[in-house]
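Remarks on the structure that follows.
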């Protein structure tokens with residue numbers, strides 16, 4: 367599904383990502399692990415379109431998405447969360463999730479005038495899906511509250527709901543357990559992994575800080591080390 371080929375991102379003379387090559391299959395859950403500064407978030411930014419690679423290529427479902435804008439990558443079916451969640455603070459928790467699905471008819475100005483019934487029907491369906499994912503992450507009771515009342519950990523859970531409601535092909539979760547109590551994080555991520563396997567369509571890549579020192583390497587599905595001072599990619603069925 368996702369193929370990275372000799373991906374490089376250089377900032378001046380420093381290579382934050384240096385020759386990363388790996389692939390993620392449909393239905394496979396992959397963990398990206400490395401110490402602070404190893405380039406994990408930079409790699410996510412390259413995949414998600416926030417940064418353009420210096421060289422190398424990124425392929426999603428057989429289509430080259432190298433250097434595409436973030437909104438184009440999202441429309442192609444790749445969604446991500448961020449280390450620091452930034453919900454719309456004055457909008458309700460439910461409405462924050464309802465904003466995420468792609469291709470909503472009501473986003474087109476004239477459709478609201480020409481096809482109000484269609485817009486209303488789709489909004490009801492989006493609301494139901496949003497509530498489903500809020501229930502999934504344990505935030506349904508706060509659905510009517512403004513997002514500013516959420517704690518840091520709850521905002522992380524809100525990010526997961528916003529990512530999943532868009533029905534992506536591929537999910538990138540950046541430090542999804544940070545700020546969430548360990549038992550809760552394990553429970554939610556386990557449920558997310560089970561759901562991903564059941565759908566067989568949404569690989570999940572989660573980054574976490576390594577507790578070891580040194581320079582980890584990237585291991586693709588072929589198990590070949592690719593570059594020093596880079597995060598490690600580990601896959602699990």
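Numbering (our numbering), first residue to last: 367 to 603. Using N, Cα and C, we set each Cβ at its ideal position, and we do this for glycine too.
According to DSSP, is residue i part of a helix, a strand, or is it coil?
i           : result
residue 478 : helix
residue 368 : strand
residue 366 : This structure cannot settle anything about residue 366, because the visible part of the chain is limited to 367 through 603.
residue 414 : helix
residue 502 : helix
residue 472 : helix
residue 445 : strand
residue 431 : coil
residue 522 : helix
residue 496 : helix
residue 348 : Nothing can be reported for residue 348, as the shown portion of the chain is limited to 367 through 603.
residue 381 : strand
residue 375 : strand
residue 537 : strand
Less than 8 Å between the CB atoms is what I'm expecting for residue i and residue j, so what's the real figure, rounded?
i           : j           : result
residue 414 : residue 534 : Actually they are not in contact, since the Cβ atoms of residue 414 and residue 534 sit about 11 Å apart, beyond 8 Å.
residue 493 : residue 464 : 6 Å
Beta-carbon within less than 7 Å of residue i's beta-carbon, same chain only, minus the 5 sequence neighbours each way: which residues are those?
i           : result
residue 423 : 371, 430 and 432
Taking Cβ to Cβ, would you say residue i is nearer than 7 Å to residue j?
i           : j           : result
residue 327 : residue 466 : Within the shown structure, residues of the chain are numbered from 367 to 603, placing residue 327 beyond reach of any answer.
residue 462 : residue 454 : yes
residue 390 : residue 368 : yes
residue 407 : residue 375 : no
residue 383 : residue 398 : no
residue 426 : residue 419 : no
residue 508 : residue 459 : yes
residue 447 : residue 386 : no
Whose C-beta lies closer than 8 Å to the C-beta of residue i among residues of the same chain, with five residues either side of it excluded?
i           : result
residue 471 : 477, 481, 484, 485 and 488
residue 503 : 523, 524, 526, 527 and 554
residue 521 : 451, 453, 513 and 545
Just the Cα atoms here: how many angstroms apart are residue i and residue j?
i           : j           : result
residue 310 : residue 510 : In the structure as shown, the chain starts at 367 and stops at 603, and residue 310 therefore has no counterpart that could be examined.
residue 566 : residue 395 : For residue 566, the predicted structure reports a pLDDT of 45, less than 50, and the residue's modelled location is therefore unreliable. The matter cannot be settled from this model.
residue 378 : residue 438 : 27 Å
residue 440 : residue 452 : 17 Å
residue 404 : residue 531 : 30 Å
residue 450 : residue 457 : 18 Å
residue 514 : residue 505 : 14 Å
residue 543 : residue 428 : 31 Å
residue 381 : residue 479 : 51 Å
residue 536 : residue 473 : 23 Å
residue 512 : residue 501 : 17 Å
residue 516 : residue 388 : 36 Å
residue 518 : residue 434 : 31 Å
Do residue i and the ligand GDP come close, with the Cβ less than 6 Å from some heavy atom?
i           : result
residue 500 : The model on display carries no ligand, and the ligand GDP is accordingly not part of it.
Less than 6 Å between C-beta atoms, sequence neighbours within five positions excluded: which residues of the same chain meet that for residue i?
i           : result
residue 421 : 374
residue 443 : 534 and 535
residue 571 : 396, 398 and 538
residue 410 : 538 and 540
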